[in-house]
Every structure is written in structure tokens, then in C-alpha cells.
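Novice: My structure is below; once you've seen it, I'll send some questions.
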Amino acid sequence: LFSYPLTRLFTSDLSVINISRGYLNIVSFFFVFFTTMFVNNGVMRGAGDTLIPMFITLFSLWIVRIPLAYLLSKPYGYTGIWWAIPIAWFFGMTFSYIYYRTGRWKNKSVVKKYVPTEEIDVVAEP
Numbered sequence: 337l338f339s340y341p342l343t344r345l346f347t348s349d350l351s352v353i354n355i356s357r358g359y360l361n362i363v364s365f366f367f368v369f370f371t372t373m374f375v376n377n378g379v380m381r382g383a384g385d386t387l388i389p390m391f392i393t394l395f396s397l398w399i400v401r402i403p404l405a406y407l408l409s410k411p412y413g414y415t416g417i418w419w420a421i422p423i424a425w426f427f428g429m430t431f432s433y434i435y436y437r438t439g440r441w442k443n444k445s446v447v448k449k450y451v452p453t454e455e456i457d458v459v460a461e462p
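Following this line, the structure appears as C-alpha cells:
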């Protein structure tokens, strides 16, 4: 919708504008995958579970996006690379949501849990 005015802010070269508009038209519709993945991962990281969200992010980038960008770039050129981005976001979002729904991240803690100790009555003498 706003791809032309947005790209026009950075360049007046029409070939660059057309290429960047293509990228924005593909990727912009799928930012909901990206934001869902990062919100879920942020909730889990905030609760103290940092390892699984890190692996989900690494998986979506290194196992899905980069190989898929390479494979799709052969038949589709740079458009294939652009399609690899939302596909990887979808995989990351899916695994992030599945792990979020398990609730295992709730067992982690950023601070140690309070364990009450035995109370001792102290009597002050006058």
C-alpha cells in the first residue's frame, strides 16, 4: 500500500524503487508471523527460559531461511530469497507457539524462588 512512498524516501532510482517495492509487497503481509514469533519468544525469555527461544530463532534462520533462500534463488532469483524470509518466520512462529502452549517455560525463573525460613522470636530485655 505504501511501498512506493516509503522507498521513495531513500532513493529516486526507479529500478531500485521497483525492486524494493517487490520485496515490501511480499514480506509486509507476513510480519504477523514475525511479530508472533518474537512476542512468544520474548514472553518465554522474560520468564527465564532463554535456551529454547534461542534455538527456535537459530532454527528459523540457519536451518530454514538460509538454505531455502539458496534453493529458491536458483529458479526465482532474488524473489525466491524474499519468499524464504516469511516462510522461515512461519516455521519460527509455529515452533514458538507450540512451545509456548506446552507451558514448560513457566517452570523457569529469572530470580530464585523465595523459600521461607524458620522464624525465631527475639525477646528484648529491658
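Position in the sequence shown counted from 1, then plus 336, gives you this note's numbering.
By construction, the Cβ of each residue, glycine as well, lies at the ideal position given by its N, Cα and C atoms.
Thinking just about the alpha-carbon of each residue, which of Ile392, Val379, Thr415, Glu454 is nearest to the one in Phe427?
Specialist: The shortest Cα separation from Phe427 among Ile392, Val379, Thr415, Glu454 belongs to Ile392.
Novice: Measuring CA to CA, which of Arg401, Phe346, Ile434 is closest to Asn377?
Specialist: Nearest C-alpha to Asn377: Ile434.
Novice: Using DSSP with H/G/I as helix, E/B as strand and the rest coil, what is Gly428?
Specialist: It is helical.
Novice: If you compare alpha carbons, which of Tyr359, Asp349, Phe365 is closest to Gly413?
Specialist: It is Tyr359 whose Cα lies nearest to the Cα of Gly413.
Novice: Which word fits Asp349, buried or exposed, when buried means at least 16 other C-beta atoms lie within 10 angstroms of its C-beta?
Specialist: Asp349 is exposed by the Cβ-count criterion.
Novice: Can you tell me where the alpha helix (DSSP H) with Ser356 in it begins and where it stops?
Specialist: Its alpha helix (DSSP H) spans residues 350–363.
Novice: Please determine, among Leu342, Leu345, Val368, the residue with the shortest C-alpha to C-alpha distance to Ile423.
Specialist: Comparing Cα-Cα distances from Ile423 to each of Leu342, Leu345, Val368, the minimum goes to Val368.
Novice: Straight-line CA distance for Ala420 to Ser445?
Specialist: Ala420 and Ser445: Cα-Cα distance of roughly 35 Å.
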